[in-house]
Amino acid sequence: MKSLVLALVALAGLPAHAQYASLTQNAASAEDIKQSTLLAAREKMAGVTFWIEPNASAIRRKEFISAEEDGSIGSEKFVVTEATSFSVIGFTTNRYRNYVKINFPDGKIAYLAEGILFDSNPKKYALFDDLYEIGRAKHNFVEYILPVSPEELRIAEKKAKTKAANAAAAWKARGGVSIGMTAKQVRASNWGGPESINRSTGSYGTHEQWVYGGGNYIYFENGIVSSIQN
């Protein structure tokens, strides 16, 4: 009882402000972390080269903004008329919008709008809107920023298609599953191994449920496929 009283007295003696936490300080700290992350991400992009291949049928063309004589962002907008590369050389903000300062091979300095969501989460979103990812579907109505030259992209996509075709052929060659197969045969089939296995053992033997994605299941009785659900 005495120890409890002493504990209550000690708690009563704590300063009143100990029960509060500053939301302003927490918000400022979070903003500092965000800005540090953004700064680091932008520093990594310095000197990186991108490409653009003009697409006259795009719903919205990529509009570049010419630089003034002093290198600052100007007002004249233009689009490219042939495939070209450009390098990242800096960043700026103009009228509440972030821009990437770039340099074309002929020395022309210009600006291109930064990805709308890049500054909110540079680890998740790309530096530019419509930055093409190799292997993804391309749309004719989009003018993409490319991570490599158009020729390198065509070669990479051809390799990706060949790899996918070979994988599909190998998958088909392995065949499906059928009742009476062993667990080893199932693993060697195009079903492969399961995501998880539910097992029960009793006087009747061992029953297993192999769980695959998409609501697909294989059931075993004493190591032999007894039923298939897909």
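If you use mature numbering (1 follows the signal peptide of the UniProt record, and there is no 0), the sequence shown corresponds to residues -18 to -1, 1 to 212, in order. Beta carbons: idealized from backbone N, C-alpha and C, even for Gly.
- For the 9 angstroms CB-CB criterion, Ile210 and Tyr199 form a contact.
- Secondary structure at Arg42: strand, using DSSP grouped into helix, strand and coil.
- The segment 31 to 45 makes contact with the segment 126 to 141; the number of CB pairs closer than 8 angstroms reaches 3 or more.
- Taken in chain order, the unbroken stretches of beta strand (DSSP E) that lie wholly in the segment 75 to 153 and span 3 residues or more are 79 to 85 and 91 to 95.
- DSSP, read as helix, strand or coil, puts Thr164 in strand.
- Leu21 is classed as exposed because its beta carbon has fewer than 16 other beta carbons within 10 Å across all chains shown.
- Judged by DSSP in its simplified three-state form, Ala49 adopts strand.
- In the structure shown, Thr188 falls within a strand segment according to DSSP collapsed to helix, strand and coil.
- Counting every other CB atom within 10 Å of its CB across the protein chains shown gives Asp101 a total of 16 or more, marking it as buried.
- About 7 angstroms separates the Cβ atoms of Ile47 and Glu58, confirming a contact at the 8 angstroms cut-off.
- In terms of Cβ geometry, Pro104 and Ala23 form a close pair [threshold 9 angstroms].
- DSSP places Thr63 outside both helix and strand once states are collapsed to three, so it counts as coil.
- Around Val62, the same chain offers Ile34 and Pro36 as residues with beta carbons nearer than 6 angstroms, after the five sequence neighbours per side are excluded.
- DSSP, reduced to helix, strand and coil, places Ser171 outside both helices and strands of the structure shown, so it counts as coil.
- Between Gly175 and Lys44, the alpha-carbon positions lie close to 46 angstroms from each other.
- For the options Leu113, Ser178, Phe68 and Asn204, the alpha carbon positioned closest to that of Tyr186 is the one of Asn204.
- Rounded to whole angstroms, Thr19 and Glu25 show a C-alpha spacing of 10 angstroms.
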